[in-house]
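Undergrad: Got a structure for you, questions after.
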Amino acid sequence: MRSLFWRIFASFWLAIALVAGLSMLLGRALNQDSWILNNTPALQGLAETWTERYESAGKQAAQAFLRQHKDQYQVDVQVLGENGQHLVPGTFPPRAEAFESRQKNKRLPWRRLTTEYVSPTTDKTYLFIYRIPYQVLNGWHRDSLLWPISALVIALVVLTVFSLLLTLSITRPLNRLRGAVHDLGQTSYQQNSLAHLSKRRDELGLLATDFNRMGSRLQGLIGSQRQLLRDVSHELRSPLARLRIAIALAERAEPQEREKLWPRLTKECDRLEALISEILELARLDANLGAVQPVKLEEVLQKLVEYVHITAPEQQVDINIAPGISLDGWPNMLERALDNLLRNALRFNPQGMPIEVKAYPKDGAVIISVRDYGPGVDEQHLHQLGEPFFRAPGQTAAGHGLGLAIARRAAERHGGKLVLDNHAQGGFCASLIITTQAEAKS
Numbered sequence: 052m053r054s055l056f057w058r059i060f061a062s063f064w065l066a067i068a069l070v071a072g073l074s075m076l077l078g079r080a081l082n083q084d085s086w087i088l089n090n091t092p093a094l095q096g097l098a099e100t101w102t103e104r105y106e107s108a109g110k111q112a113a114q115a116f117l118r119q120h121k122d123q124y125q126v127d128v129q130v131l132g133e134n135g136q137h138l139v140p141g142t143f144p145p146r147a148e149a150f151e152s153r154q155k156n157k158r159l160p161w162r163r164l165t166t167e168y169v170s171p172t173t174d175k176t177y178l179f180i181y182r183i184p185y186q187v188l189n190g191w192h193r194d195s196l197l198w199p200i201s202a203l204v205i206a207l208v209v210l211t212v213f214s215l216l217l218t219l220s221i222t223r224p225l226n227r228l229r230g231a232v233h234d235l236g237q238t239s240y241q242q243n244s245l246a247h248l249s250k251r252r253d254e255l256g257l258l259a260t261d262f263n264r265m266g267s268r269l270q271g272l273i274g275s276q277r278q279l280l281r282d283v284s285h286e287l288r289s290p291l292a293r294l295r296i297a298i299a300l301a302e303r304a305e306p307q308e309r310e311k312l313w314p315r316l317t318k319e320c321d322r323l324e325a326l327i328s329e330i331l332e333l334a335r336l337d338a339n340l341g342a343v344q345p346v347k348l349e350e351v352l353q354k355l356v357e358y359v360h361i362t363a364p365e366q367q368v369d370i371n372i373a374p375g376i377s378l379d380g381w382p383n384m385l386e387r388a389l390d391n392l393l394r395n396a397l398r399f400n401p402q403g404m405p406i407e408v409k410a411y412p413k414d415g416a417v418i419i420s421v422r423d424y425g426p427g428v429d430e431q432h433l434h435q436l437g438e439p440f441f442r443a444p445g446q447t448a449a450g451h452g453l454g455l456a457i458a459r460r461a462a463e464r465h466g467g468k469l470v471l472d473n474h475a476q477g478g479f480c481a482s483l484i485i486t487t488q489a490e491a492k493s
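For this note's numbering, count along the sequence shown from 1 and bump the result up by 51.
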């Protein structure tokens, strides 16, 4: 993964190193003896010209050349032979030379440079000593800063380009994320709007990938809520319409007939209350339920079996719980989910056949299955089971289609899922797959 942190860190580090390096190189270059000897106009060609005149015209011509050179460039020159003696008087006064020898550790008003030159004709070696006043040297520095300044300008341009590219590599993805956040707030988020950004292999790419998942999840939740509201309004209309009809009939009926309508009104009110209770139960599953706690699965199942014996004493429930099951979660939520699965099995299980409840661990999860021996469900409708208010065609048992939806949402809150399928040996099987460690979600 190409980390954005290291990209920014490397860019700033290289920028600082480049500027610091150029500054150091510039300072060293402008003060090196070789640089001054090779680039100062007052010294270029001086050794060659003096040697030629000295060897061809003699000492006087060579001395005259040095004096003429000093008048033009204000640079003092001394020339020593191979024996270390002055070949010509030069232009540097003896008193100044004595003063220089006494000021060993002090700054002098001139820069002293030395270089050797070998004559191509006589092979003799001459030592040239130059003394350039700092005033002259600084003036030449100011005139010769064109290429260092150009190099510095080029470096700044390069750094500006790098900074611009780095800034764009950060701000453009952030602007895309900002637009995606805006679209998400307007419920018009399109997942492909961040498809290109999610391909990046840095922190912004990971953020875009996570944002895509979040956006898809939120869009799904928003769509589910809208569908749920439509389904709720549709399901509530039927009992309300029946209530209105019953009330209208009761208003017009005779007292004796009115007494017969009261049980009908009571029944419709009970249905409406049960529907509202299931809708509220489904909504509560998305609320913050607090910290998870150990679930005593055997106690929960025994409690539900006792309820079955009260409501349907003719039905038999066989429980088989594997030993050593450890499950953490929300007991009330699991109890409600299992209660709905048992109620669903009771509606379709024929008398004389037991309802089988099994609980066993598998692959780090706990599977709780409830099997009945009813007619089952057509294969084409299995994938729709668990959706709010969906009831398989031809189903005559009472219910609103919310029991399996509650069970499925409870399994999801525990990090698992609800598996619904027809049993291979007949009947229907609903299995809650619950991870052993659930996480509290808001």
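By construction, the Cβ of each residue, glycine as well, lies at the ideal position given by its N, Cα and C atoms.
Note down the Cα distance separating Ala448 from Pro374, rounded to an integer number of angstroms.
TA: With a pLDDT of only 49 at Ala448, under the threshold of 50, the placement of this residue in the model should not be trusted, and no figure is reported.
Undergrad: Return the first residue and the last residue of the beta strand (DSSP E) that Tyr177 is part of.
TA: Per DSSP, Tyr177 belongs to the beta strand (DSSP E) from 176 to 184.
Undergrad: Would you kindly work out how many angstroms separate the C-alpha atoms of Lys413 and Leu245, rounded to a whole number?
TA: Lys413 and Leu245: Cα-Cα distance of roughly 38 Å.
Undergrad: Between Gly478 and Gly427, which are expected to be in contact by the criterion C-beta below 8 Å, what is the C-beta distance as a whole number of angstroms?
TA: Yes, they are in contact, since the Cβ atoms of Gly478 and Gly427 sit about 6 Å apart, within 8 Å.
Undergrad: Thr166 lies in the beta strand (DSSP E); which residues open and close that run?
TA: Counting along the chain, the beta strand (DSSP E) containing Thr166 begins and ends at 161 to 169.
Undergrad: Which residues does DSSP list as the beta-bridge partners of Lys413?
TA: Beta-bridge pairing links Lys413 to Ala416.
Undergrad: Would you call the segment 80 to 99 and the segment 147 to 159 touching, i.e. three or more CB-CB distances under 8 Å?
TA: Because the criterion of three Cβ pairs below 8 Å is not met, the segment 80 to 99 and the segment 147 to 159 do not touch.
Undergrad: Drop a sphere of 10 angstroms on the beta-carbon of Ala351, count the other beta-carbons inside from all chains shown, and report buried for 16 or more, exposed for fewer.
TA: First, the residue type needs correcting, since residue 351 is Val and not Ala in the sequence shown. With 16 or more other Cβ atoms within 10 Å, it is buried.
Undergrad: To the nearest angstrom, how far is it from the Cα of His247 to the Cα of Thr222?
TA: Straight-line Cα distance between these residues: approximately 15 Å.
Undergrad: Inspect the beta-carbon positions of Leu312 and Ala292 and report whether they are closer than 8 Å.
TA: Contact flag unset, no.
Undergrad: Between the beta-carbon of Gln123 and the beta-carbon of Val139, is there less than 8 Å?
TA: No. Outside cutoff.
Undergrad: Is the separation between the beta-carbon of Arg163 and that of Thr142 shorter than 8 Å?
TA: Contact flag unset, no.
Undergrad: So Ala396 and Val421 are in contact, right, with Cβ under 8 Å, and what is the actual spacing, rounded?
TA: So it is a contact: roughly 5 Å between Cβ atoms.
Undergrad: For Ala292, name the three-state secondary structure that DSSP assigns.
TA: Of the three classes helix, strand and coil, the one that applies to Ala292 here is helix, per DSSP.
Undergrad: Take the Cβ of Tyr185 as the centre, count every other Cβ of all protein chains shown within 10 Å, and call the residue buried at 16 or more, exposed below.
TA: Answer is exposed; the Cβ neighbour count stays below 16.
Undergrad: Tell me which same chain residues have a C-beta within less than 6 Å of the C-beta of Gln402, skipping the five on either side of it?
TA: Contacts found: Glu365.
Undergrad: Identify, in the order they occur along the chain, each residue of the same chain with its Cβ nearer than 6 Å to the Cβ of Leu294, setting aside the five sequence neighbours on each side.
TA: Taken in chain order, the residues that qualify are Glu319.
Undergrad: Mind checking which residues open and close the alpha helix (DSSP H) that includes Ala481?
TA: First-last for Ala481: 479 to 486, but that is the beta strand (DSSP E), not the alpha helix (DSSP H).
Undergrad: If you reduce the DSSP assignment to three classes, tell me which class Asp253 lands in.
TA: Looking at Asp253 - three-state DSSP - the assignment turns out to be coil, as it is neither helix nor strand.
Undergrad: Give the C-beta separation of Leu355 and Leu326 to the nearest angstrom, bearing in mind that I take them to be a contact with Cβ-Cβ under 8 Å.
TA: Incorrect: roughly 22 Å between the Cβ atoms, too far for contact.
Undergrad: If you draw a straight line from the alpha carbon of Lys175 to that of Glu103, how long is it in whole angstroms?
TA: When rounded, the distance between both Cα atoms is 12 Å.
Undergrad: Tell me whether Gly380 sits in a helix, a strand or coil according to DSSP, three-state version.
TA: Residue state, collapsed to three classes: strand.
Undergrad: Buried or exposed for Thr91, going by 16 or more other Cβ atoms inside 10 Å?
TA: Classification for Thr91: buried.
Undergrad: Could you name the residues of the same chain whose beta carbon sits closer than 7 Å to that of Leu392, not counting the 5 residues immediately before and after it, in chain order?
TA: If we look at Leu392 and ignore the five residues flanking it on each side, its Cβ neighbours are Val421, Ala458, Ala481.
Undergrad: Along the alpha helix (DSSP H) that carries Gln119, what are the first and last residues, could you check?
TA: Segment 110 to 124, the alpha helix (DSSP H) holding Gln119.
Undergrad: Using C-beta distances below 8 Å, list every residue in its chain close to Ala98, excluding the 5 sequence neighbours before and after it, in chain order.
TA: Cβ neighbours of Ala98 beyond the five flanking positions: Thr166, Tyr168, Tyr177, Phe179.
Undergrad: Which of the three DSSP states is assigned to Leu469 in this structure?
TA: If DSSP states are grouped into helix, strand and coil, Leu469 belongs with the strands.
Undergrad: Just to confirm my understanding: we take Tyr411, look at its own chain, exclude 5 residues before and 5 after, and list those with CB closer than 7 Å. What are they?
TA: Excluding sequence neighbours, Tyr411 sits near Ala373, Ile418.
Undergrad: Would you mind stating whether Pro345 and Asp369 have Cβ atoms separated by less than 8 Å?
TA: Against a cut-off of 8 Å, the Cβ pair of Asp369 and Pro345 comes out as no contact.
Undergrad: Look at the Cβ atom of Leu469, then the Cβ atom of Ala462, and state whether they are nearer than 8 Å.
TA: Yes. Within cutoff.
Undergrad: Three-state secondary structure (DSSP) at Ala491?
TA: Only weak support is given to the placement of Ala491: the predicted model assigns it a pLDDT of 38, under 50, and the question is left unresolved by the model.
Undergrad: According to the neighbour-count rule (16 or more other Cβ atoms, all chains shown, within 10 Å of its Cβ), is Gly380 buried or exposed?
TA: When all chains shown are included, Gly380 counts as buried.
Undergrad: By DSSP, does Asn226 sit in helix, in strand, or in coil?
TA: Looking at Asn226 - three-state DSSP - the assignment turns out to be helix.
Undergrad: Pull the bridge partners of His474 from the DSSP assignment, please.
TA: Beta-bridge pairing links His474 to no other residue.
Undergrad: If we ignore side chains and look at the alpha-carbon of each, how far apart do Pro382 and Ala475 end up?
TA: Rounded to the nearest angstrom, the two C-alpha atoms are 31 Å apart.
Undergrad: By Cβ distance, which residues of its chain are closer than 7 Å to Ser249, with the 5 residues on each side in sequence left out?
TA: Closer than 7 Å at the Cβ level, and outside the excluded window around Ser249, lie Gly256, Ala259, Thr260, Asn263.
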